[in-house]
Each structure stands twice: as structure tokens, then as C-alpha cells.
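When you read off a place in the sequence shown, starting at 1, and then add 13, the result is the number in my numbering. The beta-carbon is built from N, C-alpha and C at its ideal position, and this holds for glycine as well.
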Amino acid sequence: MIWLFAIVATPLFVLIAIVLWVALHIRPKPPVERFATVTATVVDQAEDLHLHGSSIAYLPNGRLGCVWFKGTGERNRPDVHLCFSQSDDGEHWDKPVVIHNTPGQADINPVLWIDNDKLTVFFHRIANKTWASAVAAQIDAIWADDQWQWQSATDLNLVFDPDYPEQFKQRFWQNFRLLWPASFSTPWVIGRRRHEQEIRLNLDRSLMRRPLSLAIGWFAKHFAQHQADVCSGKHDAAPYWLYPKHSHPITLQDGWQTRYSPLVCQGKVLLPLYSDHLGYSQIFERCDDGSWKAQPPLTAMLAIQPTLVDVENKLVCLMRNNGFPPKRILSAESSDAGQTWSPVMATSLPSPATAADAIAWRDTALCVYNDSETDRRCLALGWYSGGHWQPLKRLLSHPSESYGYPAMAKDNSDNVYISFTNPTANSGRICCLKLSAPSIERWLAQDRE
Numbered sequence: 014m015i016w017l018f019a020i021v022a023t024p025l026f027v028l029i030a031i032v033l034w035v036a037l038h039i040r041p042k043p044p045v046e047r048f049a050t051v052t053a054t055v056v057d058q059a060e061d062l063h064l065h066g067s068s069i070a071y072l073p074n075g076r077l078g079c080v081w082f083k084g085t086g087e088r089n090r091p092d093v094h095l096c097f098s099q100s101d102d103g104e105h106w107d108k109p110v111v112i113h114n115t116p117g118q119a120d121i122n123p124v125l126w127i128d129n130d131k132l133t134v135f136f137h138r139i140a141n142k143t144w145a146s147a148v149a150a151q152i153d154a155i156w157a158d159d160q161w162q163w164q165s166a167t168d169l170n171l172v173f174d175p176d177y178p179e180q181f182k183q184r185f186w187q188n189f190r191l192l193w194p195a196s197f198s199t200p201w202v203i204g205r206r207r208h209e210q211e212i213r214l215n216l217d218r219s220l221m222r223r224p225l226s227l228a229i230g231w232f233a234k235h236f237a238q239h240q241a242d243v244c245s246g247k248h249d250a251a252p253y254w255l256y257p258k259h260s261h262p263i264t265l266q267d268g269w270q271t272r273y274s275p276l277v278c279q280g281k282v283l284l285p286l287y288s289d290h291l292g293y294s295q296i297f298e299r300c301d302d303g304s305w306k307a308q309p310p311l312t313a314m315l316a317i318q319p320t321l322v323d324v325e326n327k328l329v330c331l332m333r334n335n336g337f338p339p340k341r342i343l344s345a346e347s348s349d350a351g352q353t354w355s356p357v358m359a360t361s362l363p364s365p366a367t368a369a370d371a372i373a374w375r376d377t378a379l380c381v382y383n384d385s386e387t388d389r390r391c392l393a394l395g396w397y398s399g400g401h402w403q404p405l406k407r408l409l410s411h412p413s414e415s416y417g418y419p420a421m422a423k424d425n426s427d428n429v430y431i432s433f434t435n436p437t438a439n440s441g442r443i444c445c446l447k448l449s450a451p452s453i454e455r456w457l458a459q460d461r462e
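Given below as C-alpha cells:
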């Protein structure tokens with residue numbers, strides 16, 4: 014009987030192994046090899062310090078502004094504070110100034126946004142040295158006496174519908190079913206760490222479909238219910254092996270983190286946030302009373318650090334893929350200003366689990382990303398056409414350099430500016446590069462041929 018089982022089961026196991034091997038070795042389209050001739054300039058540099066999480070914007074006073082955080086580490090270092098600098102041309106920057114430093118807490122990922130003539134910086138402070146204790150906040154500045162006058166920081170009032178946990182569970186399972194079997198994500202637990210393996214299978218009528226569907230479907234339902242419980246504030250009841258407990262009380266308002274700027278779409282101000290604790294992205298809409306109401310959640314596991322761009326009459330959200338290979342930038346689309354979203358899908362652009370930013374540019378959209386599955390040693394420009402993101406130009410590349418966490422902005426002449434983290438061997442550094450509008454137009458014309 015055993016030999017009969019071996020004869021029947023061996024081909025099936027071999028088939029499963031082959032399919033999984035192929036899925037894990039799928040690669041995106043070849044990286045961009047056409048190099049642009051650009052030179053980066055230093056915004057700020059400090060020896061033995063960590064400078065990271067920059068954001069850049071064209072200010073109402075006609076200058077460029079850049080913000081970033083600076084200190085001896087990140088979430089567990091209370092000396093981490095926010096810095097700001099200005100430039101006339103993106104090449105020569107003023108001496109940085111400290112704009113905020115929460116006593117005893119780290120201030121992370123500042124985001125510049127222009128609200129009429131007011132300058133706002135969104136960020137999150139770390140209340141208890143864990144990402145789950147992040148508190149989203151903002152600090153405003155008013156132009157007076159020929160300089161920006163920075164005000165006191167205030168926490169954001171994040172508002173959720175009472176049925177939000179149930180919305181999460183339903184949307185998670187609905188999106189999972191829509192994507193199966195073309196693509197799905199399989200999370201599992203090793204010790205206290207949660208990992209994700211993104212697998213792409215085309216099983217259709219394969220013998221594997223039924224047992225795999227049952228097994229992964231069971232886990233997806235269980236995971237959705239667990240996340241809904243966390244959203245409901247039942248974090249302390251979660252299994253220890255899935256989420257280590259924190260001394261800071263976890264509520265639905267905790268753990269939301271900033272990375273990229275708000276966007277005005279169909280008259281609505283939309284703020285993209287994400288949660289490392291819950292492992293997904295969430296868009297918030299500004300209400301008349303100044304609070305921020307959660308829209309229906311983007312329920313892809315480990316799709317974080319969202320950025321929004323309005324292009325081709327739809328709202329597009331790009332997200333960091335925080336899972337295992339094959340690595341892609343993730344994307345979802347909405348035709349009703351974020352009230353409903355398409356399932357989160359992988360683009361053709363590679364990503365080594367790092368953030369990517371996007372902006373509208375004339376009749377298209379541009380994105381900046383790390384053009385690799387494994388590291389941040391190259392920086393590239395992509396563009397949006399016909400519902401798809403495509404590579405355009407590789408901007409910077411060096412085997413001993415790192416170009417992390419890029420952010421984008423454009424001025425009134427459509428020149429594009431990109432800020433990014435570029436540390437040296439013994440110092441932290443924020444850099445900026447400028448792409449002229451004629452150069453971008455020429456690259457697009459060449460790619461459209």
C-alpha cells in the first residue's frame with residue numbers, strides 16, 4: 014500500500030516543487046539600461062547620524078523645501094528630530110533648521126504639503142519605541158516677516174466607522190478571492206516574526222488547486238478575522254507568536270505612519286497612511302471639522318507606504334511591497350476618489366522592499382523607484398501610460414552607493430526634483446537631484462516611439 018501511495022504522490026510532489034520554484038524565480042522586465050546624465054547635490058550631511066525619510070515640495074514663496082528626520086537611529090531613539098531646508102534651484106541649500114523635536118520621543122517620516130499659502134508637515138511620533146505606538150501628527154508654518162514661522166505640533170484626529178473592523182474582514186476576503194488563483198500572498202510565522210511569500214501560480218484546473226485553495230483560504234479567513242480583532246482593540250487577546258505584546262495600549266488610532274504627501278482629488282483632501290503593526294495601507298479623508306476619516310481599507314498584506322497620484326481620470330495608489338521575492342511595486346486604482354479600490358496588484362517595476370513616489374506630470378504621471386529586486390544601489394524614473402507603469406530612465410547607479418526612500422516634487426515650469434537618502438561610510442546624508450522639463454519630455458518622446 015505504501016509503494017502505491019508513493020507512486021501516486023511522487024509526481025504530485027514533483028509538480029508542486031516545480032511550480033513553486035518557477036513562481037519564486039519569476040523576474041520582472043529587464044531593468045532600465047538607458048542612463049540619464051544627472052548630478053545629485055547634498056541637502057544635509059552629518060557624521061555618525063542617521064538622516065532619512067525626506068520629503069520635498071515647491072513652496073508658495075517660490076523656493077523648494079525639503080524635510081527629513083535626523084538622529085542616532087529611528088523609532089527607539091528619543092533624539093530623532095525633524096529638519097527643514099530651502100533652496101532656490103535645488104542645487105544650493107540653506108543651512109538646515111530644526112522645526113520640531115518631541116521630548117523623549119522619535120519624530121519620523123516628515124511629509125511636506127502646501128495647503129493654500131500654509132505649509133504643513135505631517136509626521137508620526139513614536140510614543141513607546143515601537144511602530145505600533147506611532148501617533149500621526151502635524152506641524153504648520155505661516156510665512157511672516159520673510160520667513161516660515163513654525164507653530165506647535167498637534168496630533169491628528171483619526172476617525173473610523175464603527176463597522177470598520179468588519180469592513181476590513183470582508184474586503185480582505187473579497188480581494189483574496191478575486192486574485193485567486195492568478196496570484197495570492199501566503200504569510201506564515203517563524204518564531205515571533207511574520208513573513209510573507211508572494212507566489213504567482215496559474216493552476217486553473219490543476220489537481221493542486223483544490224487542496225491549496227482550501228488550505229490558504231482557511232488561513233486567509235483566519236488572518237482577516239485576526240486583523241479585524243486587532244482593529245477592534247482586541248490586540249491583547251492575539252496569540253503571542255503572531256504579535257508580541259506592547260506595554261503601550263494599542264487602539265485603532267495608534268500605529269498609523271506617514272510617508273508621502275496628501276493629494277486633492279475631486280475636491281477631497283486625501284492623506285495616505287500605513288501601519289507596520291497591521292501590515293497594510295489606509296487612506297484618510299479630511300473632514301470639515303479638521304478630523305480625518307478612514308476610507309474603506311486597502312487590504313493587501315504588507316503593502317505599505319502608499320503614495321497617491323491623479324492620472325488618466327483615476328486615482329492611482331503605489332505601495333511598497335514588504336514581502337519576499339518576486340519583488341514588485343504594488344498598485345491599486347480608484348475611479349471615485351478612494352471610496353472603492355481595485356485589488357492590489359503587482360506592477361512590472363521591480364522594488365527591493367523600499368518606498369516609491371509618484372506625481373502627475375503634464376498628460377501622464379512619473380514615479381521614482383529603486384530599479385532592483387535586491388538593493389537600493391540604483392535610482393530610476395518610470396511613467397504611466399494606458400493603465401500601466403513602465404520604466405523610463407535609470408538616473409543613478411553605483412555598486413557602493415545607496416539611494417533610498419526617494420520623494421518627488423515639481424515646480425511651476427514642470428522641472429522635477431527628487432530627494433533621497435544617500436549615506437556614506439561614516440555619515441548620514443540627504444541629497445537632491447533636478448530633472449529639467451525638456452529632458453523629461455525628450456525621454457518620454459523617445460519611449461513613445
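Residue i and residue j closer than 9 Å at C-beta
{"i": "residue 369", "j": "residue 357", "result": "no"}
{"i": "residue 80", "j": "residue 100", "result": "no"}
{"i": "residue 156", "j": "residue 74", "result": "yes"}
{"i": "residue 56", "j": "residue 443", "result": "yes"}
{"i": "residue 314", "j": "residue 280", "result": "no"}
{"i": "residue 321", "j": "residue 276", "result": "yes"}
{"i": "residue 159", "j": "residue 138", "result": "no"}
{"i": "residue 319", "j": "residue 340", "result": "no"}
{"i": "residue 109", "j": "residue 96", "result": "yes"}
{"i": "residue 317", "j": "residue 273", "result": "no"}
{"i": "residue 329", "j": "residue 378", "result": "yes"}
{"i": "residue 289", "j": "residue 148", "result": "no"}
{"i": "residue 360", "j": "residue 331", "result": "yes"}
{"i": "residue 398", "j": "residue 391", "result": "no"}
{"i": "residue 54", "j": "residue 446", "result": "yes"}
{"i": "residue 125", "j": "residue 70", "result": "yes"}
{"i": "residue 416", "j": "residue 434", "result": "yes"}
{"i": "residue 436", "j": "residue 64", "result": "yes"}
Assigned secondary structure, residue i (DSSP; H/G/I helix, E/B strand, else coil)
{"i": "residue 119", "result": "strand"}
{"i": "residue 341", "result": "coil"}
{"i": "residue 177", "result": "helix"}
{"i": "residue 362", "result": "coil"}
{"i": "residue 463", "result": "Beyond the ends of the chain as shown, which are 14 and 462, falls residue 463; an answer cannot be given."}
{"i": "residue 289", "result": "coil"}
{"i": "residue 208", "result": "With a pLDDT of 28 at residue 208, under the threshold of 50, the predicted position of this residue should be treated as unreliable, and no value is reported."}
{"i": "residue 368", "result": "coil"}
{"i": "residue 426", "result": "coil"}
{"i": "residue 302", "result": "coil"}
{"i": "residue 413", "result": "coil"}
{"i": "residue 168", "result": "strand"}
{"i": "residue 407", "result": "strand"}
{"i": "residue 270", "result": "strand"}
{"i": "residue 21", "result": "Note on residue 21: pLDDT 47, under 50, position unreliable in the model; no value is reported."}
{"i": "residue 447", "result": "strand"}
{"i": "residue 459", "result": "helix"}
{"i": "residue 100", "result": "strand"}
{"i": "residue 145", "result": "helix"}
Start and end residues, beta strand (DSSP E) containing residue i
{"i": "residue 352", "result": "No beta strand (DSSP E) holds residue 352; DSSP gives it neither H nor E."}
{"i": "residue 377", "result": "377–382"}
{"i": "residue 430", "result": "429–434"}
{"i": "residue 417", "result": "417–423"}
{"i": "residue 51", "result": "No beta strand (DSSP E) holds residue 51; DSSP gives it neither H nor E."}
{"i": "residue 393", "result": "391–398"}
{"i": "residue 385", "result": "Element bounds for residue 385: n/a, residue is neither H nor E."}
{"i": "residue 110", "result": "110–113"}
{"i": "residue 13", "result": "Because the chain in this structure spans residues 14 to 462, residue 13 falls outside the shown range and cannot be described."}
In DSSP terms, what residue i is bridged to
{"i": "residue 63", "result": "84"}
{"i": "residue 156", "result": "161"}
{"i": "residue 68", "result": "80"}
{"i": "residue 334", "result": "316"}
{"i": "residue 105", "result": "According to DSSP, which records beta bridges pairwise, residue 105 is partnered with nothing at all."}
{"i": "residue 278", "result": "281"}
{"i": "residue 327", "result": "324"}
{"i": "residue 441", "result": "59"}
{"i": "residue 134", "result": "125 and 152"}
{"i": "residue 95", "result": "82 and 113"}
{"i": "residue 373", "result": "378"}
{"i": "residue 307", "result": "297"}
{"i": "residue 347", "result": "328"}
C-beta neighbour in chain B for residue i, strict 9 Å
{"i": "residue 406", "result": "Reference to chain B is not applicable here, since this structure consists of a single protein chain."}
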